[in-house]
Ligand code: FAD
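Numbering (UniProt numbering), first residue to last: 1 to 456.
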């Protein structure tokens, strides 16, 4: 079986390795660097920068722990250099995996010619045609930059440019209070930039419960990050000194830079989809069935190209399922328990339904919660902000959860397993959790569902 994959982000590269392990002859076409958005300009670089910001915060709070470190300074240039080094090491890791799995990596821009042929245009202008039995599309997404924002990559930037700035700007308006806006907004705030976040919805992190967003907002206020909600941008004027942003309520914001983080759209450019009759939905995603096959037999699509959450772990999982299906298995892509993580301080992590969604859908539910403040481990590490909240249905099955607080993104896995397997609060709460750990907050929240939390 010959498989051609266009795009080597998490969707494409994990599909390639799985297909090779299952015995396929695999070719991957990548126009840029392997690892895609996630590794080069997304998950890994943002978290590398946030790790530096965490070290800074810890250092500034060292005296509370009896440790004295009188002269803490930051150098964004060195933070960026550390990030670049880390990224290039991981890129080499994927290239090594390709080599060791016998995957053929072709550099260039891929385009569909027919349901078995992909044309590759190389940097030197030469063109090559690759014929295979199955094709996987995994070309990801790009930031949405409507014309009215006058994106220029210098004063009006997206996350891509923000991740390469060597000097923190004095001030920055962040348009969009979703995951990327909150993470980068807080990072630059900690680097000394005066940050103003503008969000159209009633709250930041609009998909999460209001109580969750409020906890993060409280921290933003402490850090003097200004947040406008239920407000949009009416006009953007780029000048020599910076950007003048007029909000819909008439407020005028002046800043050295503006970061656009209003979402991303599937990257379909140049793939030649219409010519082949591959169906695209109204929001511009490629339509796929449960097995991730497009409307054209033998051509599959995954990751940010399709209408599932634009997350690396979703893309990877879909890549693996698509690879198995291209090789004759009949796996279904299920998105019941997709973790949603925000790597701010405090971190935010959630899975399954939110409380507002349960109310909207008329699902009878019960809540259990526990504050980190009451937990020994949280006191030990000096991170007492936040809460674990668990949502169960009539049968006590965990259908959703959110965590705001230290290591929330790592802690969430236990609750993701519960939602994935349909475990009850009683069963999961019965498990002995190690002491003293942050995971005890989950156990206490599960007990709280039945009014049996010992420490609440
Ligand atoms: P991509 O990773 O976008 O890869 C697509 C690849 O296809 C790219 O390498 C591109 O160069 C290549 N390509 C495109 N067109 C062609 C063509 N015609 N020919 C050849 N190659 C082509 N997700 C998380 O889960 N956790 C996070 O913490 C997180 N943080 C993020 C932070 C930021 C700032 C951003 C922007 C995104 C973040 N994401 C995060 C989202 C995550 O990066 C994406 O969901 C994920 O990378 C999607 O994977 P993909 O394989 O679908 O596409």
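Yeah, the Cβ is synthetic: ideal placement off N, Cα and C, and Gly gets one too.
Note that the structure is predicted; figures quoted are calculated from it, not measured.
- Look at the beta carbons and you see the region 366–376 touching the region 388–407: at least three pairs across the two are nearer than 8 Å.
- By the CB criterion at 9 Å, residue 103 and residue 26 fall inside the cutoff.
- Within the region 258–290, the complete beta strand (DSSP E) segments of 3 residues or longer fall at 264–266, listed in chain order.
- With a threshold of 8 Å, the Cβ atom of residue 245 does not count as near ligand 1, since no heavy atom of the ligand is closer than that.
- Residues 366, 398, 425, 449 of the same chain have their beta carbon placed closer than 6 Å to that of residue 392, with the five preceding and five following residues left out of the count.
- By the neighbour-count definition (other C-beta atoms within 10 Å, threshold 16), residue 288 is a buried residue.
- Remark: the C-beta of residue 7 is in contact range of ligand 1, defined as less than 8 Å to any heavy atom.
- The three-state reading of DSSP puts residue 325 in helix, counting H, G and I together.
- Distances from the CB of residue 98 to the heavy atoms of ligand 1 are all 8 Å or more.
- With a beta-carbon spacing of about 7 Å, residue 172 and residue 258 fall inside the 8 Å limit used to define contacts.
- By the beta-carbon neighbour count (other beta carbons within 10 angstroms, threshold 16), residue 326 is buried.
- Secondary structure remark: continuous beta strand (DSSP E) runs of at least 3 residues inside the region 188–216, in chain order: 194–198.
- The alpha carbon of residue 358 has as its nearest neighbour, out of 221, 284, 208, 201, the alpha carbon of 208.
- Pairwise C-beta distances place the region 5–13 in contact with the region 298–312, as three or more of them are shorter than 8 Å.
- Excluding five sequence positions before and after residue 343, the CB atoms of its chain that fall closer than 8 Å to its own CB belong to 46, 47, 50, 183, 409, given in chain order.
- Between residue 105 and residue 322, the C-beta gap is not smaller than 9 Å, which leaves the two residues out of contact.
- No Cβ-Cβ contact shorter than 9 Å links residue 38 with residue 29.
- DSSP links residue 300 through a beta bridge to 136, 293.
- Secondary structure of residue 148 (DSSP, three-state): helix.
- The secondary-structure analysis by DSSP pairs residue 440 with nothing; it has no beta-bridge partner.
- Boundaries of the alpha helix (DSSP H) around residue 59: 43–60.
- Only residues of its own chain outside the window of five on either side were considered, and among them 231, 232, 234 have a CB closer than 6 Å to the CB of residue 248, listed in chain order.
- Annotation for residue 114: the continuous beta strand (DSSP E) segment containing it runs 109–114.
- In this structure, ligand 1 has no non-hydrogen atom nearer than 8 Å to the beta-carbon of residue 196.
- Counting every other CB atom within 10 Å of its CB across the protein chains shown gives residue 347 a total of 16 or more, marking it as buried.
- Runs of the beta strand (DSSP E) lying entirely within the region 61–122 and spanning at least 3 residues, in chain order: 104–107, 109–114, 117–121.
- Contact check for residue 416 and residue 339: beta-carbon distance about 5 Å, within the 8 Å limit, so the pair qualifies.
- Cβ-Cβ distances below 7 Å link residue 194 to 170, 171 in the same chain, with the five nearest sequence neighbours on each side left out; the list follows chain order.
- With contacts defined by Cβ atoms closer than 9 Å, residue 421 and residue 439 do not form a contacting pair.
- Closest in alpha carbon position to residue 95, among 148, 66, 17, is 17.
- With contacts defined as CB atoms closer than 9 Å, residue 355 and residue 298 fail to qualify as a contacting pair.
- Cβ contact annotation for residue 253 (same chain, cutoff 6 Å, sequence separation greater than five): 173, 196, 245, in chain order.
- Per the coordinates, the alpha-carbon of residue 122 lies some 11 Å from the alpha-carbon of residue 129.
- Placement of the Cβ of residue 413 at a distance of 8 Å or more from every heavy atom of ligand 1 is found.
- Partner residues in the beta bridge of residue 172, as assigned by DSSP, are 195, 257.
- Excluding sequence positions up to five before and after residue 376, its CB lies within less than 7 Å of the CB of 436, all in the same chain and listed in chain order.
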